[in-house]
Ligand SMILES: [Zn+2]
């Protein structure tokens, strides 16, 4: 059994986990969003600056327009995966068996899609360097 020393162990979240969690790309501990994605009326409300390291999330004016293309890509990916799944699982049913579930699920994933698109876009195209010394969980 591997022995772990809790005194020297550090918690450094990897980039994909930080993207999925919606945490700041610079410190990876401050939340980008004010509320949980389950809070349907406020899922899109973001902090303007990181609550932990004060990084401005909208790195330039109009930065979030790029996230719309991310969102579009995720939606198309979902559409393709669901389309092929329905085709193979239900042996090519009529068109309504594609349209209804794909439309319903596309609407249901809007909060998740919105948030993951912004988070992924900021992490990949914000060109913000990770600074482990700012992560409050490592100290
Ligand atoms: Zn931060």
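In the working numbering, the protein residues as written are 2 to 140. Even for Gly, the Cβ is constructed at its ideal location relative to N, Cα and C.
Kindly examine ligand 1 and report whether one of its heavy atoms sits closer than 7 Å to the Cβ of residue 80.
By 1-based counting over the chain shown, the position of residue 80 is 79. Because no heavy atom of ligand 1 lies under 7 Å away, the Cβ of residue 80 does not count as near it: no.
Please list, in chain order, all residues of the same chain as residue 28 whose beta carbon is under 6 Å from its beta carbon, the five residues on each side excluded.
Along the chain shown, one-based indexing puts residue 28 at 27. These residues qualify, in order along the chain: 53, 54, 135 and 136.
What is the DSSP secondary structure of residue 120, counted as helix, strand or coil?
As a first step, residue 120 is located in the chain shown; it is residue number 119 there, counting from the start. Here DSSP, grouped into helix, strand and coil, assigns residue 120 to helix.
CA-CA distance, residue 68 and residue 41?
Taking the first residue of the chain shown as 1, we reach residue 68 at position 67. Taking the first residue of the chain shown as 1, we reach residue 41 at position 40. Answer to the nearest angstrom: the Cα atoms are 20 Å apart.
May I ask whether a heavy atom of ligand 1 can be found less than 7 Å away from the beta carbon of residue 123?
Along the chain shown, one-based indexing puts residue 123 at 122. No, the Cβ of residue 123 stays beyond 7 Å of every heavy atom of ligand 1.
For the alpha helix (DSSP H) that contains residue 16, what are its first and last residues?
Translated into positions along the chain shown, residue 16 becomes position 15. From DSSP, the alpha helix (DSSP H) with residue 16 extends over 16-22.
So the candidates are 126, 111 and 58; which of them puts its Cα closest to the Cα of residue 43?
Locating residue 43 in the chain shown gives position 42, counting from the first residue. Nearest of 126, 111 and 58 to residue 43, Cα basis: 111.
Would the segment 89-109 and the segment 119-126 be scored as touching if the rule is three or more Cβ pairs under 8 Å?
no
Can you list, in chain order, the residues of its chain whose CB lies under 7 Å from that of residue 16, leaving out five sequence neighbours each side?
As a first step, residue 16 is located in the chain shown; it is residue number 15 there, counting from the start. Hits under 7 Å: 124.
Assign residue 56 to buried or exposed, taking buried as 16 or more other Cβ atoms, counted over all protein chains shown, within 10 Å of its Cβ.
The residue you call residue 56 lines up with position 55 of the chain shown. Under this definition residue 56 is a buried residue.
Roughly how many angstroms lie between the CA atoms of residue 105 and residue 49, to the nearest whole one?
Residue 105 sits at position 104 when you count from the first residue of the chain shown. Residue 49 sits at position 48 when you count from the first residue of the chain shown. Distance between the alpha carbons of residue 105 and residue 49: 31 Å.
In the DSSP output, which residue or residues are listed as bridge partners for residue 50?
Taking the chain shown and counting its residues from 1, the one referred to as residue 50 is at position 49. According to DSSP, residue 50 bridges with 57.
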